[in-house]
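Chemist: Got a structure here, written out as structure tokens. Questions coming.
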Amino acid sequence: MSKYVIRQVLILIPVLLGISLVLFTILAMAPGDPFEELATNPNVPPEVRANLRAKFGLDDPIAVRYLRWFVSMMKGDWGFSFVSRVDVDTLILQRLPTSLFILGSALVLGVIIALPIGTMSALRPYSLFDQIATTFAFIGFSLPTFFTGLVFILVFSIWLDWLPFIYRADISATGWRWYWEQLRQSIMPIAVLGLFQGATLTRFMRSAVLDVIRLDYVNTARAKGLSEKTTVVKHVVRNALIPVVTLLALQVPGIFGGAIITEQIFRVPGIGSLLINSILANDTPVVMAVTFVYSALVVLSNLVADILYGWLDPRISYR
Amino acid sequence: MATVALPLRDAQPRTSLWREATRRFVKHRLAMVGLVLLATMAVAVVAGPLVYRVPIDAIDFKAKLKAPSWAHPMGTDDLGQDVLARMLYGGRISLAVGIISMLIAITLGVLIGAIAGQLGGSADHVLMRITDLFLSLPGLPLLLLIVYLFRDSLRKFLGPELGVFILIVAVIGGLRWMTVARLVRAQFLSLREKEFVEAARGLGARPVRQVWRHILPNAMGPVIVAATIDVAAAIIAESSLSFLGLGFPPDIPSWGRILFDAKDNLDFAPHWALFPGAAIFLTVLSINYMGDGLRDALDPRKVLGGK
Amino acid sequence: MDDHGIRELLGEVRRGRLTRRAFVQTMIGLGLTAPMAAQMLASAGVAQAQTRAPAFTPTRRGGGGALRVLWWQAPTLLNPHFGTGTKDLDASRIFYEPLAAYDPDGNLAPILAERIPTVENGDLSKDGTSVVWQIKKGVAWHDGKPLTADDIVFNWEYAADPATATVNIASYRDITRVEKLNEHAVKVVYKDATPFWFDAFCGNRPIIPKHLFAAYKGGQSREAPTNLKPVGTGPYRFVDFKPGDIVRAELNPAYHQPNRPFFDTLEMKGGGDAVSAARAVLQTGEYDYAWNMQVEDDILRRLEQGGKGRVDVWAGGGVEHVQCNFTDPSKEVDGERSSLKTTHPVLADVAVRQALNLLVDRASVHEQIYGRQGQATANFLNAPSRYRSGNTRWEFNVDRANQVLDAAGWKRGADGIRAKDGKRLRFVFQTSINAPRQKTQAIIKQACAKAGIDIEVKSVVASVYFSSDAANPDTYSHFYTDLQMYTTNLNAPDPQSIMRQFVSWDIASKETKWAGRNITRWRSEEYDRLWKGAEQEMDPVKRAAMFIRMNDLLIQHVVVVPVLWRNGVGAAANRLRGIAQSGWDSTLWNLANWHKA
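Residue numbers (the numbering used here), protein chains in the order written: chain A, 151 to 469; chain B, 590 to 896; chain C, 2 to 598.
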């Protein structure tokens with residue numbers, strides 16, 4: 151097993167290199183540049199934009215630009231943002247804590263909702279409970295987050311006036327007040343994201359439990375006289391977790407990648423909003439750094455999922 | 590166990606299996622509800638504009654943001670355009686994009702996941718790393734690039750509307766198969782070692798047959814869930830594409846786009862957002878019911894075991 | 002009244018036989034505006050009236066609590082010389098100040114300057130080739146060092162150096178030299194007569210400190226730590242900055258104006274969207290001011306019913322306009338479309354362009370979409386008011402458009418679309434993605450359909466549309482469609498640069514990597530001559546007449562169809578006072594005077 155892990159981790163290096171090359175090519179070839187606003191301002195002559203392009207090396211061939219990026223990254227230099235001219239790692243580190251807090255909490259909330267509700271739905275399929283859970287889950291992922299977020303704002307901020315809807319990374323209060331303010335401003339973004347993820351996960355959990363519950367060994371376990379509760383927890387849920395683990399492995403890197411729309415709505419200064427603004431401004435060094443770290447996390451967490459499969463179902467072996 | 594006997598009964602004609610599945614599907618009450626619902630919507634969006642002949646882009650500022658009435662059964666938007674006409678017209682695009690993109694994503698995902706899970710080893714490794722690559726691609730620049738590279742040539746060969754349609758379903762489907770692939774592969778890894786598959790293997794079933802008759806039907810659970818979620822996601826993704834100018838021209842109102850346009854008026858004209866939201870919800874709901882029915886109908890133990 | 006008549010009157014004022022007020026009244030009677038009259042007086046050597054100072058009631062510094070403002074685009078850097086967008090320039094103005102700002106009428110308001118240069122006080126040379134700036138004494142940077150003439154000289158050196166790559170280079174490169182006369186005066190010498198001498202060091206080109214930037218001139222400009230931690234002379238000093246998110250500042254206890262500023266702390270939060278920013282000010286009152294409310298007026302009016310704030314509107318200089326392509330976007334010549342070697346098969350016919358001009362329903366676009374955000378206009382050049390033409394009219398008239406097209410021989414086909422000699426009236430009409438623009442497109446498309454013109458609308462994501470990417474055919478400067486629409490802004494109270502958009506030597510083409518500014522590819526000798534003349538004309542009356550004639554040429558030939566003269570729109574808390582927004586300067590130009598009632 152450990153040999154397998156080590157081998158896989160070693161293989162990751164060329165894989166990540168390949169991914170970085172593909173990412174860079176896409177970013178370099180994608181149209182647009184960081185100087186949109188200079189265009190409609192007649193006081194800025196076009197030469198200024200040409201000069202800036204040349205200064206940032208935007209007119210060099212892609213291969214040269216990639217090599218330059220790669221060499222400096224190897225030296226630990228992630229480059230600087232074309233837009234804010236700040237080092238990319240500083241920008242990312244400024245936003246990481248907020249992203250981790252909001253998206254991490256949302257993921258936990260989603261799992262807390264999904265596991266019990268999904269399991270209970272599956273144990274009594276088509277019951278009233280299942281029907282209600284199903285309906286809510288469908289509303290959950292039929293409506294995009296830009297919409298649910300707005301509904302939350304209208305209800306809780308504007309009509310009820312309970313919660314603020316503009317997230318501030320540095321609240322000026324201290325002590326208990328700080329926690330209270332932090333809680334108040336975090337509830338809505340976490341809920342919007344958590345409910346969306348919870349809705350999705352609930353459906354997968356229900357389906358996975360339904361699949362497992364019909365398998366032979368569950369009947370065997372029941373036949374052996376194990377109590378229903380033990381059967382469910384020990385045999386059903388554990389096996390049903392395989393698709394759920396797969397999904398979580400796909401969502402955990404998202405904690406770093408951010409939630410673009412939700413962050414935009416609530417003005418959460420997370421990595422998602424950094425990424426989207428950088429993409430819209432064609433700020434290649436920032437986009438490259440964020441997506442590259444993100445892809446490293448994708449590869450890693452999928453590897454972790456593969457290892458977890460073996461633990462959830464010992465019969466799965468790796469060759 | 591009935592399943593173990595399966596490979597031996599090769600002589601049995603396959604048609605009866607499918608007929609049996611169809612019979613079960615038809616008997617599945619919710620599945621039929623879903624089918625009728627989806628068919629109704631499909632008929633409405635295809636035939637609706639022929640019957641309900643209000644133009645989708647007739648601007649009438651005197652009638653803007655009006656609540657539903659006899660003149661405008663679903664009310665009007667902020668240019669005084671008839672929401673029902675727009676819903677019917679846009680529904681064609683939304684339904685088609687939602688379902689076809691979902692089929693592309695699911696087909697690709699199942700294929701790649703199944704190959705990776707069944708073959709294992711280096712094939713699995715290569716496929717999973719490709720999956721990782723796709724997962725980590727930044728969507729927006731990629732979309733801009735694809736549109737930039739292919740829009741004009743597709744327009745030339747297929748005409749503006751079909752060209753854009755193909756581009757959109759290819760882009761949405763092509764960027765959403767990874768989850769399905771990972772899920773299917775995980776199911777395969779687990780199912781491959783289960784008793785009934787081992788038994789089939791022991792009895793000399795060929796790998797393709799093992800997959801087709803034994804593993805795949807049992808791996809369909811998460812696939813069906815993913816499919817229903819993908820339909821909703823594709824309908825919404827299409828609207829964000831057109832919002833970025835990458836999708837259909839801005840004057841074509843798809844459901845997701847109507848919902849987006851309506852959002853800033855939510856507190857004053859809730860009807861405008863209600864109808865597209867409900868339409869997406871009903872589509873997803875009906876597809877899910879059909880999915881549930883499909884799974885029950887295809888369940889191999891049910892077919893032969895006759896519970 | 003002609004040139005001579007006006008000159009006579011000016012002489013009367015100078016000799017004291019006519020009061021300033023009477024002169025201005027006479028001019029207004031002639032259809033001119035107060036600012037124009039004021040500038041005439043100034044250049045004729047009559048002392049300028051004091052800029053109207055916005056009422057400021059607080060009697061001591063500080064005590065106002067927190068000021069919270071929302072910019073839905075977040076500032077990303079705090080060096081005004083690098084600000085690529087309004088958001089950055091605005092954020093910089095919290096800390097940095099110019100010698101003079103442009104007030105709402107387009108007049109100069111002294112900030113770091115002791116007085117405004119005029120011919121009369123001898124600071125402005127008669128021939129317009131040099132200007133002396135007297136610098137206010139006793140101004141200190143936030144770190145305690147005094148502001149001196151050296152700082153002004155340095156700003157010119159810094160910005161004019163191409164290696165520094167500032168966005169302001171155009172304002173500084175035509176300066177031959179900046180001389181230090183004494184610790185508090187500099188003389189700026191220009192190559193040629195420069196009627197727009199109040200460009201450098203004014204408005205959005207504030208002064209940065211030499212002692213902190215001197216080591217970072219040229220190629221190292223990016224590495225200056227002060228790029229992110231500004232040390233200026235402004236009413237608030239730096240506390241914290243997170244690019245793309247928030248700027249925080251606190252009261253500057255040593256500010257050079259008495260009793261100012263009012264607020265103890267200032268927070269500028271960025272990001273999100275315009276509608277929710279409006280909600281935060283108008284409906285919940287979480288914030289005191291929100292910038293640039295690009296939201297349909299209907300929505301703003303409903304949000305205003307929240308009662309917490311009001312919508313603040315002021316005149317600007319931007320114009321939303323439709324451009325006609327004079328070259329053929331469908332034919333490729335030497336690797337470029339819309340090449341100068343071609344002419345547009347249909348739009349070259351002036352009748353078609355005239356019909357288009359009749360088919361843009363400016364009233365509906367104004368009333369139904371933009372509301373207070375602008376006004377319908379027949380002119381490309383609308384502001385400052387002394388440059389606005391009174392010779393033009395606009396009309397929305399589908400019948401007349403039909404007549405014009407009929408008369409020109411464009412016959413309706415079986416499908417209702419007009420054609421002539423096998424060429425159909427079918428246009429691709431592009432713009433950037435932005436809800437009001439898509440609605441305007443819909444309105445124009447519908448009217449055109451009634452006149453037998455088929456419009457295919459296209460919208461391009463703004464970051465691509467406005468990019469300078471020579472390889473991308475979808476940018477506004479490639480103009481590979483028949484029609485397009487966007488707003489050109491006028492960010493200073495002088496039209497020379499905005500009118501450069503139509504001179505024949507600056508055409509966007511493959512040769513110049515589409516960096517040229519003449520995007521319609523229209524050419525006119527008369528226009529060229531006028532523009533060159535205006536560049537050095539020191540007589541404000543003659544110069545204004547030249548710009549008016551340039552505008553009239555554009556309208557007569559229907560090179561562009563002006564749609565809307567844009568206003569600036571913000572949202573302010575009910576109690577917020579002293580904002581006095583100017584269309585020519587930053588939203589925060591008057592920040593020192595902001596206070597709460």
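Glycine included, each C-beta is placed from N, C-alpha and C at the ideal position.
I need the DSSP call for His-596(C), collapsed to helix, strand or coil.
Modeler: Within the third sequence, residue 596(C) is the residue found at index 595, counting from 1. Residue state, collapsed to three classes: strand.
Chemist: Hey, is Phe-723(B)'s beta-carbon within less than 8 Å of any beta-carbon in chain C?
Modeler: The residue given as residue 723(B) occupies position 134 in the second sequence. No, Phe-723(B) lies away from the interface with chain C (no Cβ there is under 8 Å from its Cβ).
Chemist: Counting C-beta neighbours from all protein chains within 10 Å, is the total for Lys-243(C) 16 or more, i.e. buried, or is it exposed?
Modeler: As a first step, residue 243(C) is located in the third sequence; it is residue number 242 there, counting from the start. Counting Cβ neighbours within 10 Å, Lys-243(C) comes out buried, since at least 16 surround it.
Chemist: For Asp-311(A), which residues in chain C fall below 9 Å Cβ to Cβ?
Modeler: Locating residue 311(A) in the first sequence gives position 161, counting from the first residue. Under the 9 Å cutoff, chain C gives Thr-285.
Chemist: Check whether the Cβ atoms of Ala-703(B) and Val-773(B) sit closer than 8 Å, and answer yes or no.
Modeler: The residue you call residue 703(B) lines up with position 114 of the second sequence. The residue you call residue 773(B) lines up with position 184 of the second sequence. Yes, they are a contact pair.
Chemist: Hey, is Ile-415(A)'s beta-carbon within less than 8 Å of any beta-carbon in chain C?
Modeler: Here the question's residue 415(A) lines up with position 265 in the first sequence. Closer than 8 Å to some Cβ of chain C, the Cβ of Ile-415(A) qualifies, so yes.
Chemist: Using a beta-carbon distance below 8 Å, is Lys-511(C) in contact with chain A?
Modeler: In the third sequence, counting from the first residue as 1, residue 511(C) sits at position 510. Not one chain A Cβ lies under 8 Å of Lys-511(C).
Chemist: For Leu-351(A) and Val-386(A), which I take to be in contact (beta-carbon distance under 8 Å), what is that distance rounded to the nearest angstrom?
Modeler: Residue numbering aside, residue 351(A) sits at position 201 when the first sequence is read from its first letter. Residue numbering aside, residue 386(A) sits at position 236 when the first sequence is read from its first letter. So it is not a contact: roughly 16 Å between Cβ atoms.
Chemist: Could you check whether Leu-724(B) and Leu-830(B) sit closer than 8 Å to each other, using their CB atoms as the reference points?
Modeler: Mapped onto the second sequence, residue 830(B) falls at position 241. Mapped onto the second sequence, residue 724(B) falls at position 135. Going by C-beta atoms, Leu-830(B) is not nearer than 8 Å to Leu-724(B).
Chemist: Tell me which same chain residues have a C-beta within less than 7 Å of the C-beta of Val-362(A), skipping the five on either side of it?
Modeler: Numbered from 1 along the first sequence, position 212 holds the residue referred to as residue 362(A). Within the same chain, Val-362(A) has close Cβ partners Val-368, Val-386, Asn-389 and Ala-390.
Chemist: Give the interface partners of Ile-363(A) over in chain B, defined as CB-CB distance under 7 Å, in chain order.
Modeler: For this step, residue 363(A) is matched to residue 213 along the first sequence. By Cβ distance, chain B contributes nothing, its closest Cβ being about 11 Å from Ile-363(A), past 7 Å.
Chemist: Can you tell me which of the three DSSP states Ala-48(C) falls into?
Modeler: Walking along the third sequence from the start, residue 48(C) turns up at place 47. Any reading at Ala-48(C) needs caution, since the residue's pLDDT is 46, under 50, leaving its predicted position unreliable; the model's value is listed next. Reduced to three states, the DSSP call for Ala-48(C) is coil.
Chemist: For Val-562(C), which option in Val-323(C), Thr-344(C) and Ser-433(C) has the closest C-alpha, if you only look at C-alpha atoms?
Modeler: On the third sequence, residue 562(C) is found 561 positions in, with the first residue counted as 1. Comparing Cα-Cα distances from Val-562(C) to each of Val-323(C), Thr-344(C) and Ser-433(C), the minimum goes to Val-323(C).
Chemist: Closer than 8 Å, CB to CB, is Gly-375(C) near chain A or not?
Modeler: Position 374 of the third sequence, counted from the start, is the residue given in the question as residue 375(C). Not one chain A Cβ lies under 8 Å of Gly-375(C).
Chemist: What are the boundary residues of the beta strand (DSSP E) that Arg-249(C) is part of?
Modeler: Residue 249(C) sits at position 248 when you count from the first residue of the third sequence. Residues 247–252.
Chemist: Assign His-322(C) to one of three DSSP states: helix, strand, or coil.
Modeler: Position 321 of the third sequence, counted from the first residue, corresponds to residue 322(C). Residue state, collapsed to three classes: strand.
Chemist: Since Arg-718(B) meets chain A, which of its residues come closer than 7 Å, beta carbon to beta carbon?
Modeler: Numbered from 1 along the second sequence, position 129 holds the residue referred to as residue 718(B). Val-165, listed in chain order.
Chemist: Rounded to a whole number of angstroms, what is the C-alpha to C-alpha distance between Glu-197(A) and Ala-204(A)?
Modeler: Numbered from 1 along the first sequence, position 47 holds the residue referred to as residue 197(A). Numbered from 1 along the first sequence, position 54 holds the residue referred to as residue 204(A). Their backbone Cα atoms lie some 10 Å apart in a straight line.
Chemist: Which residues, in chain order, does the stretch 222–235 of chain C contribute to contact with chain A at a C-beta distance below 7 Å?
Modeler: If the cut-off is 7 Å between Cβ atoms, the stretch 222–235 of chain C has Arg-223, Asn-228 and Leu-229 near chain A.
Chemist: Contact criterion: CB-CB distance below 8 Å. Does Val-194(A) meet it with respect to chain C?
Modeler: Taking the first residue of the first sequence as position 1, residue 194(A) is located at position 44. Closer than 8 Å: yes.
Chemist: Note the first and the last residue of the continuous beta strand (DSSP E) segment covering Pro-563(C).
Modeler: The sequence position of residue 563(C) within the third sequence is 562, counting from 1. 561–574 is the span of the beta strand (DSSP E), which, as asked, contains Pro-563(C).
Chemist: Could you name the residues of chain A that Asp-706(B) contacts, counting a contact when the two beta carbons are closer than 9 Å?
Modeler: Here residue 706(B) corresponds to residue number 117 of the second sequence, with the count starting at 1. The question names Asp, yet the displayed sequence has Gly at residue 706(B). Those within 9 Å of Gly-706(B) in chain A number zero; the least Cβ separation is about 10 Å.
Chemist: Quick check on the burial criterion: 16 or more other C-beta atoms within 10 angstroms. Buried or exposed for Ser-683(B)?
Modeler: The sequence position of residue 683(B) within the second sequence is 94, counting from 1. When all chains shown are included, Ser-683(B) counts as buried.
Chemist: So the alpha helix (DSSP H) Val-440(A) belongs to, where does it begin and stop?
Modeler: Taking the first residue of the first sequence as 1, we reach residue 440(A) at position 290. Segment 434–462, the alpha helix (DSSP H) holding Val-440(A).
Chemist: Provide the residue span of the beta strand (DSSP E) that contains Lys-243(C), from first to last.
Modeler: Counting from one through the third sequence, the residue named residue 243(C) turns up at place 242. Lys-243(C) -> beta strand (DSSP E) spans 237–243.
Chemist: Would you say Lys-309(C) reaches chain B, if we count a Cβ-Cβ gap shorter than 8 Å as a contact?
Modeler: For the purposes of this step, residue 309(C) is taken as residue 308 along the third sequence, with counting starting at 1. It does not: the Cβ of Lys-309(C) has no partner Cβ on chain B nearer than 8 Å.
Chemist: Any beta carbon from chain A within less than 8 Å of Trp-585(C)'s own beta carbon?
Modeler: Taking the third sequence and counting its residues from 1, the one referred to as residue 585(C) is at position 584. Answer no: the Cβ-Cβ gap between Trp-585(C) and chain A never drops below 8 Å.
Chemist: Taking 8 Å as the CB-CB cut-off, is Arg-157(A) touching chain B?
Modeler: In the first sequence, the residue the question calls residue 157(A) occupies position 7. By this cut-off, Arg-157(A) is not an interface position.
Chemist: If you measure from the beta carbon of Lys-852(B) to each beta carbon in chain A, is any gap under 8 Å?
Modeler: In the second sequence, the residue the question calls residue 852(B) occupies position 263. Judged by the 8 Å Cβ criterion, Lys-852(B) is in contact with chain A.
Chemist: So, is Arg-940(B) buried or exposed, given that buried needs 16 or more other C-beta atoms within 10 angstroms?
Modeler: Lying outside 590 to 896, the shown extent of chain B, residue 940(B) is not represented and no answer is given.
Chemist: Just to make sure I have the definition right: I need the residues of chain A whose C-beta is within less than 8 Å of the C-beta of Asp-475(C). Which are they?
Modeler: Within the third sequence, numbered from 1, the residue matching residue 475(C) stands at position 474. Per Cβ cutoff of 8 Å: Pro-181.
Chemist: Excluding the 5 residues flanking Ala-620(B) on each side, which residues of the same chain have their C-beta closer than 6 Å to its C-beta?
Modeler: Taking the first residue of the second sequence as position 1, residue 620(B) is located at position 31. Counting only Cβ-Cβ distances below 6 Å, and skipping sequence neighbours, we find Phe-614, Tyr-878, Met-879 and Gly-882.
Chemist: Give the residues of chain A in contact with Val-634(B), contact being defined as C-beta atoms less than 7 Å apart.
Modeler: As a working mapping, residue 634(B) is identified with position 45 in the second sequence. Under the 7 Å cutoff, chain A gives no residues; its nearest Cβ is about 17 Å from Val-634(B).
Chemist: Taking beta-carbon pairs under 7 Å, can you tell me which members of the stretch 638–672 of chain B lie near chain C?
Modeler: Cβ contacts with chain C come from Asp-646, Ile-648, Phe-650, Asp-667 and Leu-668.
Chemist: Run through the stretch 703–744 of chain B for me and flag every whole alpha helix (DSSP H) of 4 or more residues, listed as ranges in chain order.
Modeler: Fully enclosed alpha helix (DSSP H) runs of 4 or longer: 710–725.
Chemist: If you measure beta-carbon to beta-carbon, which residues of the stretch 731–757 of chain B are closer than 7 Å to chain C?
Modeler: So the list reads Leu-733 and Tyr-737, given in the order they occur along the chain.
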